[in-house]
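The block underneath contains the structure these notes are about, expressed in structure tokens.
Numbering (UniProt numbering), first residue to last: 1 to 96.
As structure tokens, this is what we get:
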């Protein structure tokens, strides 16, 4: 037996396809969302298949996560997250 490491002679072929990779990045980004009921991630890719932006849904910049409500329903619409148009979708967060 030899203790010399085996050197690769050709490139790997069992890699993720581009779409699978980018979806994985979006799924990982979604885990950053503090929304207790909906976690959404986005990954924007250019024509060269390079990532140009990553984001996730959450409150807009400048609004603390504890400032606005996270509830999905309530007697008063002001008490729900949907009242605040500023609650940003993941894609919008990437673009901002």
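By construction, the Cβ of each residue, glycine as well, lies at the ideal position given by its N, Cα and C atoms.
Pick out the complete beta strand (DSSP E) segments inside the UniProt domain "CMP/dCMP-type deaminase" (17-96), 3 residues or longer, and give them in chain order. 41-45, 51-56
Rounded to a whole number of angstroms, what is the C-alpha to C-alpha distance between residue 14 and residue 60? 39 angstroms
State yes or no: is the C-beta of residue 54 within less than 9 angstroms of the C-beta of residue 64? Judged by their CB atoms, residue 54 and residue 64 are not nearer to each other than the 9 angstroms cut-off.
Could you pull out every residue in the same chain whose Cβ sits closer than 7 angstroms to the Cβ of residue 80, ignoring the five residues on either side in sequence? Excluding sequence positions up to five before and after residue 80, its CB lies within less than 7 angstroms of the CB of 69, 71, 72, 73, 74, all in the same chain and listed in chain order.
Measuring only the C-alpha atoms, how far is residue 12 from residue 18? Note on geometry: alpha-carbon atoms of residue 12 and residue 18 lie some 15 angstroms from one another.
Looking at C-alpha atoms only, which residue of 62, 67, 21 is the closest neighbour of residue 49? 21
Assuming residue 33 contacts residue 58 under a Cβ cut-off of 8 angstroms, what Cβ separation, rounded to an integer in Å, is found between them? 6 angstroms
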